[in-house]
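First comes the structure, then the notes that go with it.
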Amino acid sequence: MRERNDMMGDCSTMMRAVRKAVRRLPVLGWRTACYGAVGMLLIGGYDGGSRRVLLASSAFAVPSSPHAHSARITRGAKHQRKAAASHHAENVANSETLGQMHIKPGDPLLDELPAGWGVHVLGVGGPQGGKAPKESSTHSVKKVARPPHTIQPAEVTATKPEGHPAAAGAVGLAAGVGDASVPSQAVGHIPAATASSRNRILIPVPGQMGIAAYQSGDRLIILVDGRHLMDIAALRGDGMFAQLSVTALPDVTMITLPVPDTRALYLSQQSNGWVLGDQPPPAVDYTDRREISPTLREDGLYFPMRKPGRVFSVEDPVSNTPLLVGTTVLDDGGMLSLRRGVDYDVWPSLEGIVIAQHDPPQVTMKAVAKGDLLQRADGRPLSDLDRAIYASDVDLNWLGLKNLTPAQARERYRHALIAAADSTPGERFKKRFEAAQAALGVGIFPEARAIMDVALEDDPEEAFRPDVRFFLAATDLLTGQMKGASQLMQQWPEQAIRATKLWQGLYEALAGGKDSEAAHLLARDMPRLMNYPEPLRSFLLPIAAETIARHGGSAEWHALDHLPEGSAYQFAKAVRALRSGREDEAIHLLEDLSVDKDPIVAEKAMEEGIALSVRDGHIDSEKAARQYASLLPDARLAGRDGVVNMLRAGANIRAKKWEAALQALNQVEDTPLQQDPARIQALLGKALTGLMQDLPHGASAGQSPQDEAALVRGAALMRAYLPDLLPSDQKGTLQLSYGQLLGRLGLADKAGEAMTTAIPMITDPQKRAAGGDMLAENEIKRGLFDEASATLAQTAPNPMPPQEAAERNRIMARMAAASGKPEIALYLLSADQSSQGADMRARLHENREEWPAAIADLRGMVEHDLPEQGALDVSQQLLALRFASDASRAGDVGMLNWIKNRVGERPFEGDAGRMFQLLVSPEQD
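Residue 1767 in my numbering sits at position 860 of the sequence shown; the count goes up by one each step and never skips.
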């Protein structure tokens, strides 16, 4: 007990020292004070059977003497090794006490840490900061391919030269952990932490320092520009980060982390440094990060970066390969794939550029404006310029792209065809695939697809390879086969996910429906697309440029700043100018482009000109539709008549010319390669909805011949175009309206079929119940009482609103009356206070010649529906005539006088007036 009290007293003393260091924050600055606080580390253990608490100052503290600092580290390290060898079991128990003494939430040490991170200083206990983010379901990994080198241990250095201020710009390490579930092994006297599948370390690199990261063998290497030493005794992480080590090299700090398995590692930049973890950063799509896409310059191979750091030489600690490393100050990403060259290799990296020198060294690299430049040491051109600008396996190997002149590309294609024809069965598919890739580089996309079709007929098992599947989908996109091209959107191997995003953006641009996402993906990879061979680039780049201009925003438009010359790119600039409010510039560009020699560009410019005239109010929608129709000959020549017909349909819809809009959409079916299915469905739904809304309303018996003809025409159009609308709630509503229309035309059986088809497509419970009411009424008229009962039961909403319950009572009353059960019908209607209920009761009483009861119900209808003043419409006149007739049959003089006074001298139409006067006049003897 005494030993425990002594230990707790020592702990209290240390905690007071930590608080004191934090209180010095206004004087020392937050970094110096916090590093001083972190330097007070608890290390628990035994020494000669007596319990002790040792105090070890970290490299981040401001020491009074560098020699004393080194001595304390040495004694602490020896004590750790001794205690770990003799008392491991009690050390685990000790960890429970020490693990509680971590930094509290809100401590200045945790300032600037992003929300969503659970973070603690390595070796100081459990997690602090915010709650750990939820487990990500996305495993999109930016993995580094491992060069086949022999693994050798990296040397770890923990020395600090005299006179080097540890607190000035020191690079420290912290670790973040998520929800822990599996305990980790204890290291020395460090408390046994909990291993987690969600470990992270924070590397607080100052903002002006560059960083590079890559994987070699089974180790992740992080190189930090500048000599900033770290105290290894204070660097203890959880799980896989427990094995992290630091090597101090001249002007470079090397952080080495063994990777025990195939897990992915993620590196991201935060406001206070870089974070490395085995899960993606919270709320970040790691597959959407930047990548470095090299380009060729006259003086070498250029790796663009927003803010490059220092370039230095270093030896890879695993393979001893001499490296040229280009660091980056900002999160610019790295190289996606390994590329072997004649004079050098480009290693894949998480951040920065890593160039492996061959023996003897042949290349040099230096930092230039906005990037790094790779050159041969002897000044000659690089020997692999045909492949140097392609930084991913997708471009290099799956598509087989090469940077060749048109003549060189044709020669490559010719040689590839000959090699495929002369190939042995064992090499047959490989050579044919290479021939198809060569055809792609020449720009003859149908031939590339045809070669693959032949190759797969002989070797169908090769179709399951990811590179083959991707190549097939890409050639389908290039030949307009959108169904096959949709395979681009499938899940690809983890190491290829980032590189496939460009082609997914191209598919979304052509397929439509996700235009904003397509613009984002294309803008991010525009430099990569600019590197494509000219035949491929000239086909894809105008599509990308127009998509970015039309559907992107200010964040994406910067990708259009360096487009090549040409009218197709001028058109993209005109669209961008139009959307960014520079209308005069846009009008000038469109006027020039409308007479361009390229028929596609000229036709697009005229389309935009019409749209601009409508927007500015110079022409109305009806005139715009006529102008679009006048463009059809030019559009047909440009292969864009389907697009123009969709524009014409939209203009006719705005002008409420429904039939003309449907006819324009019908012509789009003849141009399948130009179809935009989502847009066609939207236009078709609007046109059919407008058509139904504009049809004449009212009872079919009172329709004029013109209205009757309009109803028949509307029914014919609905029958012709409604099947083209895909099943949806909108189609269900339109199908129900179509059934009602057929009922008005006296086609009860056809009306019932239409309504039966419509109800399953309606998802809203109230609309579905209303549809069930209509169908039940139709079935009652056809004498299908059992079917009507089943319809009401199947479409009953839960809960049922009072208004719907009253309507269903009236329907069941009609069913009872039609089946010869008036008593049941009257019972169902007895509580109905609506005019509809009163009308039904009055008719039932009239059929049974119960005139007083009929008069009572009709009087309520008259008081509600027949005003005391004002002209009477036809329905009101007929109601007054009906009341007078029933009162006359009942011989009720009082009711006759009441209705006479109610109507007064207001005239009736036709013979109805004379009949009314005859009924209400007193009888003459």
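Beta carbons are placed, not taken as given, at the ideal position from N, Cα and C, and that holds for glycine.
It should be emphasised that the depicted structure is a prediction, and the values quoted were computed from it without experimental measurement.
Open item on the list: My output table needs one value for Q1122: the three-state DSSP class, helix, strand or coil.
Closed with: Of the three classes helix, strand and coil, the one that applies to Q1122 here is strand, per DSSP.
Task: L1237 versus A1392: straight-line alpha-carbon distance, rounded - done: Distance between the alpha carbons of L1237 and A1392: 36 Å.
Open item on the list: Could you pull the DSSP bridge partners for E1258 from this structure?
Closed with: As a beta-bridge residue in DSSP terms, E1258 pairs with A1120.
TODO: Tell me where the beta strand (DSSP E) around T1271 begins and ends.
DONE: Unbroken beta strand (DSSP E) run through T1271: 1270 to 1275.
TODO: Take the Cβ of R1372 as the centre, count every other Cβ of all protein chains shown within 10 Å, and call the residue buried at 16 or more, exposed below.
DONE: When all chains shown are included, R1372 counts as exposed.
Task: Three or more C-beta pairs below 8 Å linking the stretch 1246 to 1263 and the stretch 1118 to 1128 - done: Taking 8 Å as the limit for Cβ pairs, the verdict is that the stretch 1118 to 1128 does touch the stretch 1246 to 1263.
- [ ] Buried or exposed for S1244, please, with buried defined as at least 16 other CB atoms from any protein chain shown within 10 angstroms of its CB.
- [x] Looking at its Cβ environment, which holds 16 or more other Cβ atoms inside 10 Å, S1244 is buried.
Task: Boundaries of the beta strand (DSSP E) in which I1162 is found, first to last residue - done: Residue range 1159 to 1165 is occupied by the beta strand (DSSP E) that includes I1162.
- [ ] Give the single residue among N1685, L1500, L1156, D1523 whose Cα lies nearest to the Cα of M1513.
- [x] When N1685, L1500, L1156, D1523 are compared, the shortest CA-CA separation from M1513 is found for L1500.
Open item on the list: Rounding to the nearest angstrom, what Cα-Cα distance links M1553 and R1715 in this structure?
Closed with: Cα to Cα, the separation comes out at about 44 Å.
TODO: Taking P1672 as part of the alpha helix (DSSP H), name the residues at either end of that continuous run.
DONE: Per DSSP, P1672 belongs to the alpha helix (DSSP H) from 1672 to 1688.
- [ ] Would you tell me roughly how many angstroms separate the C-alpha atoms of E1354 and Q1588, rounded to the nearest one?
- [x] Their backbone Cα atoms lie some 33 Å apart in a straight line.
TODO: Quick one: grab the DSSP three-state call for L1183.
DONE: Strand.
Open item on the list: Just to confirm my understanding: we take V1112, look at its own chain, exclude 5 residues before and 5 after, and list those with CB closer than 8 Å. What are they?
Closed with: Short of 8 Å from the beta carbon of V1112, and not among the five residues preceding or following it, lie these beta carbons of its own chain, in chain order: V1078, I1118, V1131, G1180, W1181.
TODO: Report all residues from its chain with a CB closer than 7 Å to the CB of A1732; omit the five preceding and five following residues, and keep chain order.
DONE: Apart from sequence neighbours up to five positions away, the residues of its chain that approach A1732 with a beta-carbon distance below 7 Å are A1720, A1723, A1724, L1751, ordered along the chain.
TODO: Would you identify the three-state DSSP class for A1155, choosing helix, strand or coil?
DONE: Residue state, collapsed to three classes: strand.
- [ ] Could you check which residue in L1590, E1472, G1798, M1433 has the C-alpha nearest to that of E1463?
- [x] Measuring C-alpha to C-alpha distances from E1463 to each of L1590, E1472, G1798, M1433 identifies M1433 as the nearest.
TODO: Would you check if the stretch 1562 to 1580 and the stretch 1411 to 1426 touch, i.e. whether three or more CB-CB distances between them fall below 8 Å?
DONE: Contact between the stretch 1411 to 1426 and the stretch 1562 to 1580 is absent, because fewer than three Cβ pairs lie under 8 Å.
Open item on the list: Using the three-state DSSP reduction, which class does A1346 fall into: helix, strand or coil?
Closed with: Three-state result, A1346: helix.
Open item on the list: DSSP has F1210 in a bridge; who is on the other side?
Closed with: In the DSSP output, where bridge partners are listed per residue, F1210 has D1279.
TODO: Pick helix, strand or coil for D1656, following the three-state DSSP scheme.
DONE: The three-state secondary structure of D1656, taken from DSSP, is helix.
- [ ] Check G1621 in the structure and name its three-state DSSP category.
- [x] Assignment of G1621 by DSSP, reduced to helix, strand and coil, places it in the helix class.
TODO: Return the chain-ordered list of same chain residues with a C-beta closer than 6 Å to the C-beta of L1682, the five sequence neighbours on each side being excluded.
DONE: Closer than 6 Å at the Cβ level, and outside the excluded window around L1682, lie M1662, T1698.
Task: For R1217, the nearest candidate out of R1204, P1224, T1235, A1787 (CA to CA) - done: Answer by Cα proximity: T1235.
Task: CB of A1571 within 8 Å of CB of A1556, strictly - done: For A1571 and A1556, yes; Cβs fall inside 8 Å.
Task: Backbone CA spacing between A1370 and R1376 [nearest angstrom] - done: So the alpha carbons of these two residues sit roughly 6 Å apart.
Open item on the list: Please state the DSSP three-state secondary structure of F1815.
Closed with: Note: F1815 maps to coil in three-state DSSP.
Open item on the list: Suppose contacts are defined by Cβ-Cβ distances below 8 Å. Is L1470 in contact with Y1476 by that definition?
Closed with: Yes, Cβ-Cβ distance for L1470 and Y1476 is below 8 Å.
- [ ] My understanding is that L1289 touches A1295, with C-beta atoms under 8 Å, so please give their C-beta distance in whole angstroms.
- [x] The C-beta distance from L1289 to A1295 rounds to 6 Å, short enough to fall under 8 Å.
TODO: With T1234 as the anchor, note down where its beta strand (DSSP E) starts and where it stops.
DONE: Secondary structure note for T1234: its beta strand (DSSP E) is the uninterrupted segment 1229 to 1235.
Task: Cβ-based neighbour list, G1639, same chain, cut-off 6 Å, excluding 5 preceding and 5 following - done: Excluding positions up to five away in sequence, the list reads A1665, M1668, I1669.
Task: F1378: first and last residue of the uninterrupted alpha helix (DSSP H) it sits in - done: DSSP places F1378 in the uninterrupted alpha helix (DSSP H) bounded by 1373 to 1385.
- [ ] Take I1687 and list the residues in its own chain whose beta-carbon comes closer than 8 Å to its own, dropping the five residues that flank it on each side.
- [x] Result list for I1687: A1695, I1718, R1721, M1722, A1725, in chain order.
Open item on the list: Could you check whether G1248 and D1291 sit closer than 8 Å to each other, using their CB atoms as the reference points?
Closed with: Yes, Cβ-Cβ distance for D1291 and G1248 is below 8 Å.
TODO: Could you have a look at I1526 and say whether DSSP puts it in helix, strand or coil?
DONE: Three-state result, I1526: coil.
Task: Distance, E1490 Cα to A1425 Cα - done: If I take the Cα positions, the gap works out to 25 Å.
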